[in-house]
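Chemist: Have a look at this one.
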Amino acid sequence: MIAWFARNSVAANLMMIFIILMGINGIINRLPVEVFPMFNPDEVEVRVTYRGATPEQMEESIVIPVENIVADLPGIEEIKSSAGEGRATIEIEAETGYDSRNLLEDVKSRVDSLNSLPEGIEPPVVRIEEHLHEVVTLIIHGDMSEYDLRKLGERIRDDVGRLEGISRV
């Protein structure tokens, strides 16, 4: 490819001009730049805890019934499940453009109506899965009592939480 551009200097120059113009366009139109841009979560998660159950029991008594009862809901792109010792997670991905809040309500009502779940399980937790990324970790230490350090940390947390553009502390 480099050899081709060396032989075709007009094409190389045109491409460079195009790249420069696109950069200028981005500056003029003030393209938004964010560390973690806002997006609509598109995944509903069902978590179930059943203490003492094997992964096989979790799959047979919880994962398969939940998958079957939600499979025909509108707006589902994909269902992924995992089962482990005493826990199961079913992730339901919404189709692009489908309102995940509607899907959440539909999944909640279906899971709540499921009568075949075993006795002794904790109530299933159905929620929208938010993939949050930690940007900054702050560690406070010094020649102060633990109580004073905690109060200082709480004050810093509150001050940072009031800053514009900070969504979660």
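Numbered per this note's numbering, the sequence shown spans residues 149 to 317. For each residue, glycine too, the CB sits at the ideal point set by N, CA and C. Everything numeric in this text was worked out from a predicted model, so none of it was measured.
Can the beta-carbon of Val194 be found less than 8 angstroms from the beta-carbon of Pro272?
Modeler: yes
Chemist: Among Arg235, Leu221, Met163, which has the Cα closest to the Cα of Glu204?
Modeler: Arg235
Chemist: Rounded to whole angstroms, what is the Cα-Cα separation between Ala160 and Leu169?
Modeler: 14 angstroms
Chemist: What are the boundary residues of the alpha helix (DSSP H) that includes Gly174?
Modeler: Element bounds for Gly174: 157 to 176.
Chemist: Just the Cα atoms here: how many angstroms apart are Asp296 and Glu233?
Modeler: 41 angstroms
Chemist: According to DSSP, which residues form a beta bridge with Ala151?
Modeler: According to DSSP, which records beta bridges pairwise, Ala151 is partnered with nothing at all.
Chemist: What is the DSSP secondary structure of Glu315, reduced to helix, strand or coil?
Modeler: The amino acid at residue 315 is misidentified as Glu; the sequence shows Ser. Reduced to three states, the DSSP call for Ser315 is coil.
Chemist: Taking the continuous alpha helix (DSSP H) assigned at Arg298, which residues delimit it?
Modeler: 294 to 309
Chemist: Candidates Leu265, Val274, Gly171, Ile238: which alpha carbon is nearest Asn250's?
Modeler: Val274
Chemist: What first and last residue would you give for the alpha helix (DSSP H) that runs through Arg199?
Modeler: Careful: Arg199 lies outside any alpha helix (DSSP H) and carries neither H nor E.
Chemist: How would you call Asp260, buried or exposed, if buried means at least 16 neighbouring beta carbons within 10 angstroms?
Modeler: exposed
Chemist: From the DSSP secondary-structure annotation, give me the bridge partner or partners of Asp256.
Modeler: The question names Asp, but residue 256 in the sequence shown is Lys. In DSSP, Lys256 forms no bridge with anything.
Chemist: Compute the Euclidean distance between the alpha carbons of Ile132 and Gly290, then round it to the nearest angstrom.
Modeler: With the chain running from 149 to 317 in the structure shown, residue 132 is simply not present.
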